[in-house]
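Chemist: For the sequence shown, the numbering used here assigns the number 3 to the initial residue and increments by one for each residue that follows.
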Amino acid sequence: MLRHLFLFLSHRRSLRRWMEHSSTALRLTSRFVAGIHVEDALRVTAGLNQASLSTTLDYLGESVTTLEEAAAARDVYLRLLDLIHARNLQANVSLKLTQLGLDVAEAACREHVVTIARRAAELDTFVRVDMESSAYTARTLTLVTDLHATYPNIGVVVQAYLYRTEKDVDDLIHRGIRVRLCKGAYDEPHTIAFPKKSQVDANFEKLARLLLLTGNYPALASHDEKLLLSAIRFAEEHEVPKGAYELQMLYGIRRDLQARFVSQGHRVRVYVPFGSAWYPYFMRRLAERPANLWFLLRHLVRP
Ligand SMILES: Cc1cc2nc3c(=O)[nH]c(=O)nc-3n(C[C@H](O)[C@H](O)[C@H](O)COP(=O)(O)OP(=O)(O)OC[C@H]3O[C@@H](n4cnc5c(N)ncnc54)[C@H](O)[C@@H]3O)c2cc1C
Numbered sequence: 003m004l005r006h007l008f009l010f011l012s013h014r015r016s017l018r019r020w021m022e023h024s025s026t027a028l029r030l031t032s033r034f035v036a037g038i039h040v041e042d043a044l045r046v047t048a049g050l051n052q053a054s055l056s057t058t059l060d061y062l063g064e065s066v067t068t069l070e071e072a073a074a075a076r077d078v079y080l081r082l083l084d085l086i087h088a089r090n091l092q093a094n095v096s097l098k099l100t101q102l103g104l105d106v107a108e109a110a111c112r113e114h115v116v117t118i119a120r121r122a123a124e125l126d127t128f129v130r131v132d133m134e135s136s137a138y139t140a141r142t143l144t145l146v147t148d149l150h151a152t153y154p155n156i157g158v159v160v161q162a163y164l165y166r167t168e169k170d171v172d173d174l175i176h177r178g179i180r181v182r183l184c185k186g187a188y189d190e191p192h193t194i195a196f197p198k199k200s201q202v203d204a205n206f207e208k209l210a211r212l213l214l215l216t217g218n219y220p221a222l223a224s225h226d227e228k229l230l231l232s233a234i235r236f237a238e239e240h241e242v243p244k245g246a247y248e249l250q251m252l253y254g255i256r257r258d259l260q261a262r263f264v265s266q267g268h269r270v271r272v273y274v275p276f277g278s279a280w281y282p283y284f285m286r287r288l289a290e291r292p293a294n295l296w297f298l299l300r301h302l303v304r305p
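#1: Where do the ends of the beta strand (DSSP E) carrying residue 180 lie?
#2: When you compare each of 172, 203, 220, 25 to residue 181 by their alpha carbons, which one comes out closest?
#3: Considering only residues of the same chain and omitting the five flanking positions on each side of residue 285, which have a CB-CB separation below 8 Å?
#4: Kindly identify the DSSP beta-bridge partner or partners of residue 94.
#5: Please name the residue, chosen from 88, 281, 119, that lies closest to residue 96 on a Cα-to-Cα basis.
#6: I want to check one thing, is the minimum distance from the CB of residue 13 to the heavy atoms of ligand 1 below 6 Å?
#7: Is the beta carbon of residue 1 sitting closer than 7 Å to the one on residue 101?
#8: Under the DSSP definition of a beta bridge, which residues are partnered with residue 156?
#9: Under three-state DSSP, which class holds residue 305?
#10: At the level of alpha carbons, what is the spacing between residue 107 and residue 241?
#11: Let me confirm a value: residue 17 is counted as buried when at least 16 other C-beta atoms fall within 10 Å, else exposed. Which label applies?
#12: Could you compute how far the alpha carbon of residue 47 sits from the alpha carbon of residue 248?
#13: Indicate, with yes or no, if ligand 1 has a heavy atom lying under 6 Å from the CB of residue 239.
#14: Once DSSP output is grouped into helix, strand and coil, what is the label at residue 289?
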């Protein structure tokens, strides 16, 4: 119920405008969002690197409506890649196609992704294309598979809650494309997505095993301790080395688990979002765990 409410609110433009301009609301987000500026993301990355965690940086923004906004987002990613390289940080980038203009002009969006992937290849690093709602699944996979032929340093995300994902994973494995497996964060109808959490979890477990055995350096993205431990156990039983896959978690969530896995010799990458367009991302995090709202409000009123 609350989950649906937060997901519904995540699309309210007027609330979004108000929240993103409120300094109090910004304070509220600081647990999940590194800050507004590129420097904030780099500072957080340097700190996480010190603790042996690598990062993937997400310049927040989605569903832009002008080509100017899309080009501006591309430029932020290019700057990020240069600064990551210059400072020798253990980080790559994660981007969303609707932030690069997919809804405005698909050709321009593709050109922006090519420009970013080319710069990343020159700097010997990696670009992850996040997965958005099911309205974009097919177009995202097509774009990534097309570009991967020229830019093998590009990978994509798949969502265990979609029925189609098993087939998509097979295809991505066949093409040698790097996959991040997550459960999925959007409100999808039951005609295309598993209705029960237990079914999503079972599909995550099944696809994680497939990726561990035959995927190209897969990333298992979850805070579900039970599922991650099961995947790790499976990898050990099948002699998949720790360096052949990554565990990924979001900035500010299950920091205890992030540290524990690092101490056990696992590769852990933290997804670090930053930027002023934080509202939809923040609302999706509240939808996943409504109790976060009370936690954050308490934090806000504490002297
Ligand atoms: C690195 C990374 C990248 C992602 N990229 C995408 C993407 O491209 N597309 C997409 O649709 N989704 C993406 N997601 C989000 C993902 O789909 C889930 O919505 C999110 O990870 C919550 O699911 P879970 O696997 O943690 O399991 P859940 O069953 O939701 O949670 C398991 C446990 O984790 C903890 N937890 C989970 N969420 C929270 C939270 N918000 N606050 C506090 N504790 C929490 C709780 O202890 C909970 O019991 C990404 C997630 C990660 C970690």
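C-beta: ideal position from N, C-alpha, C; glycine also.
Modeler: Quick look at the numbers:
#1: First-last for residue 180: undefined, no H or E at that position.
#2: Nearest C-alpha to residue 181: 220.
#3: Shown here for residue 285: same chain residues with a beta carbon closer than 8 Å to its own, the five before and five after excluded, namely 8, 9, 11, 12 in chain order.
#4: Per DSSP, 58.
#5: Closest by alpha carbon: 119.
#6: No, the beta carbon of residue 13 sits no closer than 6 Å to any heavy atom of ligand 1.
#7: Look at the range of the chain in this structure, 3 to 305, and you will see that residue 1 is not part of it.
#8: Answer is 129, bridged to residue 156.
#9: Any answer about residue 305 is weak, because its pLDDT of 46 lies below 50 and its placement is not dependable; what the coordinates show is given next. Of the three classes helix, strand and coil, the one that applies to residue 305 here is coil, per DSSP.
#10: One alpha carbon belongs to residue 107, the other to residue 241, and they sit about 46 Å apart.
#11: Under this definition residue 17 is an exposed residue.
#12: Taking the straight line joining both Cα atoms gives about 17 Å.
#13: No, the Cβ of residue 239 stays beyond 6 Å of every heavy atom of ligand 1.
#14: Note: residue 289 maps to helix in three-state DSSP.
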